[in-house]
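Have a look at the structure below before the remarks.
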Amino acid sequence: MDKNVLKQTVIDSIMDRAIAINKACAEQCRDFEIMLSRKRKNALILRWTSIDISNEDNPIQQYRYECFQTDGTPQLCSVHYADQEEANEFVWSLEPLYHQLYAIDHKL
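For the sequence shown, full-length UniProt numbering gives the first residue as 1, with consecutive numbering after it.
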(Lines of atoms letter the chains of each structure in order from A; the text may use other names.)
(Lines give C-alpha, C1' and ligand atoms only; values in the text may rest on other atoms or scores of the structure.)
Protein backbone atom coordinates (compact mmCIF):
# COMPACT_ATOMS: atom_id res chain seq x y z
CA MET A 1 0.00 0.00 0.00
CA ASP A 2 1.28 3.45 -0.90
CA LYS A 3 1.58 5.36 2.35
CA ASN A 4 0.65 8.60 0.58
CA VAL A 5 -2.77 7.30 -0.48
CA LEU A 6 -5.28 6.66 2.27
CA LYS A 7 -8.88 6.94 1.11
CA GLN A 8 -11.32 8.92 3.24
CA THR A 9 -13.64 5.89 3.40
CA VAL A 10 -10.82 3.86 4.99
CA ILE A 11 -10.09 6.65 7.48
CA ASP A 12 -13.80 6.88 8.33
CA SER A 13 -14.15 3.12 8.80
CA ILE A 14 -11.12 2.83 11.08
CA MET A 15 -11.90 5.99 13.02
CA ASP A 16 -15.50 4.80 13.53
CA ARG A 17 -13.88 1.91 15.38
CA ALA A 18 -11.78 4.44 17.32
CA ILE A 19 -15.00 6.14 18.46
CA ALA A 20 -16.30 2.80 19.76
CA ILE A 21 -12.99 2.17 21.53
CA ASN A 22 -13.06 5.64 23.06
CA LYS A 23 -16.64 5.19 24.35
CA ALA A 24 -15.76 1.83 25.95
CA CYS A 25 -12.41 3.00 27.32
CA ALA A 26 -12.28 2.75 31.11
CA GLU A 27 -9.11 4.86 31.09
CA GLN A 28 -8.35 8.02 29.13
CA CYS A 29 -7.87 7.08 25.47
CA ARG A 30 -6.33 9.48 22.97
CA ASP A 31 -3.79 9.99 20.18
CA PHE A 32 -5.46 7.69 17.67
CA GLU A 33 -3.23 7.00 14.66
CA ILE A 34 -3.60 4.92 11.54
CA MET A 35 -0.22 3.44 10.69
CA LEU A 36 1.63 1.12 8.34
CA SER A 37 4.05 -1.47 9.63
CA ARG A 38 6.83 -3.11 7.66
CA LYS A 39 6.35 -6.10 10.01
CA ARG A 40 2.72 -6.67 8.96
CA LYS A 41 2.27 -6.53 5.21
CA ASN A 42 -1.12 -5.62 3.73
CA ALA A 43 -2.43 -4.32 7.03
CA LEU A 44 -3.18 -1.02 8.65
CA ILE A 45 -2.63 -0.57 12.37
CA LEU A 46 -4.81 1.60 14.60
CA ARG A 47 -2.68 2.70 17.54
CA TRP A 48 -3.85 4.73 20.49
CA THR A 49 -2.68 5.63 23.96
CA SER A 50 -4.60 4.57 27.05
CA ILE A 51 -3.81 6.30 30.31
CA ASP A 52 -5.00 4.83 33.60
CA ILE A 53 -5.18 7.69 36.09
CA SER A 54 -6.91 5.76 38.89
CA ASN A 55 -3.71 6.20 40.92
CA GLU A 56 -2.80 9.88 40.53
CA ASP A 57 0.67 9.25 41.92
CA ASN A 58 1.41 6.53 39.39
CA PRO A 59 -0.51 6.92 36.10
CA ILE A 60 0.01 4.06 33.65
CA GLN A 61 0.28 4.82 29.94
CA GLN A 62 0.18 2.09 27.29
CA TYR A 63 -0.03 1.85 23.52
CA ARG A 64 -2.91 -0.27 22.25
CA TYR A 65 -3.24 -1.72 18.75
CA GLU A 66 -5.86 -3.15 16.38
CA CYS A 67 -5.28 -4.41 12.85
CA PHE A 68 -7.30 -3.67 9.72
CA GLN A 69 -7.27 -4.73 6.10
CA THR A 70 -6.10 -2.00 3.72
CA ASP A 71 -9.77 -1.35 2.86
CA GLY A 72 -10.59 -0.58 6.52
CA THR A 73 -12.14 -3.96 7.35
CA PRO A 74 -11.18 -5.20 10.85
CA GLN A 75 -8.64 -8.06 10.98
CA LEU A 76 -8.38 -10.60 13.72
CA CYS A 77 -4.80 -10.16 14.76
CA SER A 78 -3.06 -9.55 18.02
CA VAL A 79 0.05 -7.52 18.55
CA HIS A 80 2.13 -9.53 21.01
CA TYR A 81 5.85 -10.14 21.15
CA ALA A 82 8.22 -12.84 22.32
CA ASP A 83 10.66 -10.34 23.81
CA GLN A 84 11.57 -6.67 24.06
CA GLU A 85 13.71 -6.78 20.92
CA GLU A 86 10.76 -8.03 18.84
CA ALA A 87 8.51 -5.37 20.39
CA ASN A 88 11.00 -2.63 19.56
CA GLU A 89 11.29 -3.85 15.96
CA PHE A 90 7.52 -3.59 15.57
CA VAL A 91 7.30 -0.10 17.12
CA TRP A 92 10.19 1.18 15.00
CA SER A 93 8.57 -0.25 11.87
CA LEU A 94 5.44 1.91 12.26
CA GLU A 95 4.87 4.77 9.84
CA PRO A 96 2.05 7.22 10.62
CA LEU A 97 -0.56 7.83 7.91
CA TYR A 98 -3.28 9.67 9.81
CA HIS A 99 -3.37 11.14 13.31
CA GLN A 100 -5.92 12.83 15.51
CA LEU A 101 -5.87 13.57 19.17
CA TYR A 102 -9.37 12.34 20.02
CA ALA A 103 -11.59 9.80 18.29
CA ILE A 104 -14.62 12.08 18.25
CA ASP A 105 -13.49 14.55 15.59
CA HIS A 106 -12.77 12.58 12.40
CA LYS A 107 -15.98 13.65 10.62
CA LEU A 108 -16.13 17.26 11.82
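Glycine included, every Cβ here is placed at the ideal spot set by N, Cα and C.
Inter-residue spacing [alpha-carbon to alpha-carbon] between residue i and residue j
i, j, result
"D31", "F90", "18 Å"
"I11", "H80", "24 Å"
"A26", "I51", "9 Å"
"L44", "I19", "17 Å"
"Q61", "L97", "22 Å"
"D57", "P74", "36 Å"
"Q100", "E33", "6 Å"
"S54", "D83", "28 Å"
DSSP three-state assignment for residue i, whether helix, strand or coil
i, result
"I53", "coil"
"Q84", "helix"
"E66", "strand"
"Q61", "strand"
"E33", "strand"
Cβ distance (whole Å) where residue i is taken to contact residue j below 8 Å
i, j, result
"R38", "Y65", "Not really, about 15 Å apart at Cβ, beyond 8 Å."
"I14", "G72", "5 Å"
Residue i classed as buried or exposed, judged by whether at least 16 other C-beta atoms fall within 10 angstroms
i, result
"E95", "exposed"
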